[in-house]
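Before any comments, here is the structure.
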Amino acid sequence: MNKCNRDIILSNLDRIKEGIIHSCQRVGRNPSEINILPVTKTRSLEEVSCLRDIGYREFGENLVKEGVRKYTTSENGIWIMIGHLQTNKVKDVVRFAKEVHSVDSIKLINALEKELQRSNKIMRGMLQVNTSGETSKYGFSEAELFDNLDEISKLEYLKIDGVMTLALNSKNEADVRKCFEKLKSIQTKINNMNVLENEVTRISMGMSGDYKIAIEEGATDLRLGQAIFGPRETPDSFYWPA
695 MNKCNRDIIL SNLDRIKEGI IHSCQRVGRN PSEINILPVT KTRSLEEVSC LRDIGYREFG
755 ENLVKEGVRK YTTSENGIWI MIGHLQTNKV KDVVRFAKEV HSVDSIKLIN ALEKELQRSN
815 KIMRGMLQVN TSGETSKYGF SEAELFDNLD EISKLEYLKI DGVMTLALNS KNEADVRKCF
875 EKLKSIQTKI NNMNVLENEV TRISMGMSGD YKIAIEEGAT DLRLGQAIFG PRETPDSFYW
935 PA
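695 is the number of the first residue of the sequence shown in my numbering; add one for each residue after it.
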């Protein structure tokens, strides 16, 4: 089991916050616009407790099984689903998650809406967009998203107010930046159409290796795991196919 090293976590968070400030200064943004979502996949309950003690309450999980386990065995955590979600796991997610940030298909949308209606529960969600064009990544293409926007606008229980993406896994900063630019452009287009009940105000993009670029391109929510906790034994490719 991973042990909590509070001093290391605090030091890493200080470094992250400095990076956020510098990135915001470069593009004239206010650091208060940026939300850090700690990603706790493979992390122990002790490590989660460390973050709770520091002041964090919301945590991102990639796997349903792990999310359910932490939900049922920890106190005061608010869990957000950020990984690919199969429709046969929707019931479990509606049970443990406050939000789903990886709404990546109409099939999943319909399954979530049906289960939320059955449970009489309102849930916020983000549309996951495949901005890199890689077939290995989940998410709506831009064309698919706009083709289905009218149907999405009719949802009563799943309240879409954000968009999310995973950038190209590349050392070429320009290629990574293009993915983030595209998501920001899509968010602007959605809001200009004025179709959805809620304005799309949240842009979830940027992980431990590219969050500074994401901030410069308009991110409001950063999904950070290794930048906070340090390296994991399980590689990113297990959760985020490249």
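For each residue, glycine too, the CB sits at the ideal point set by N, CA and C.
query                                                                                                                                                             : result
For residue 898, name the three-state secondary structure that DSSP assigns.                                                                                      : strand
Which partner residues does residue 754 have in the DSSP bridge list?                                                                                             : 733 and 774
Less than 8 Å between the beta carbons of residue 725 and residue 750, yes or no?                                                                                 : no
With distances taken between CB atoms, is the gap from residue 785 to residue 760 smaller than 8 Å?                                                               : no
What are the complete alpha helix (DSSP H) segments, minimum 4 residues, inside the segment 842-888?                                                              : 843-847 and 867-887
Given a threshold of 16 other Cβ atoms within 10 Å of its Cβ, counted over all protein chains shown, does residue 716 qualify as buried or as exposed?            : exposed
With distances taken from CA atoms, which of 721, 871 and 698 is nearest residue 742?                                                                             : 698
May I ask you to report which of helix, strand or coil DSSP gives residue 913?                                                                                    : coil
Considering only the alpha carbon of each residue, which of 891, 703 and 916 lies closest to residue 844?                                                         : 891
Write down the C-beta distance between residue 859 and residue 827 rounded to the nearest angstrom, noting that I regard them as a contact closer than 8 Å.       : Not really, about 11 Å apart at Cβ, beyond 8 Å.
If distances are taken between C-alpha atoms only, which option among 806, 790 and 818 comes closest to residue 781?                                              : 806
Do the segment 768-778 and the segment 792-802 make contact, defined as three or more Cβ pairs closer than 8 Å?                                                   : yes
Could you say which of 709, 879, 763 and 705 lies nearest to residue 823 if we only look at CA atoms?                                                             : 879
Using three-state DSSP, classify residue 740 as helix, strand or coil.                                                                                            : helix
Exposed or buried, residue 812, counting other C-beta atoms within 10 Å across all chains shown (16 or more means buried)?                                        : exposed
Looking only at its own chain, which residues have a Cβ that is under 7 Å from the Cβ of residue 702, when we skip the five neighbours before and after it?       : 924
Which word fits residue 913, buried or exposed, when buried means at least 16 other C-beta atoms lie within 10 angstroms of its C-beta?                           : buried
Can you confirm whether residue 701, when its beta carbon is compared against all beta carbons of chain B, has any partner nearer than 8 Å?                       : Absent from the structure is chain B; it holds one protein chain and no more.
Which residue wins for smallest C-alpha separation from residue 745, given the options 727, 723 and 769?                                                          : 769
Given that a residue counts as buried once 16 or more other Cβ atoms are within 10 Å of its Cβ, and exposed if not, what is residue 704?                          : exposed
So for residue 746, helix, strand or coil by DSSP?                                                                                                                : helix
Starting from residue 668 and walking both ways along the alpha helix (DSSP H), at which residues does that stretch end?                                          : Lying outside 695 to 936, the shown extent of the chain, residue 668 is not represented and no answer is given.
What separation, rounded to the nearest whole angstrom, lies between the Cα atoms of residue 831 and residue 755?                                                 : 17 Å
Report all residues from its chain with a CB closer than 7 Å to the CB of residue 735; omit the five preceding and five following residues, and keep chain order. : 755, 756, 757, 760, 919 and 933
Is the Cβ-Cβ distance between residue 720 and residue 910 less than 8 Å?                                                                                          : yes
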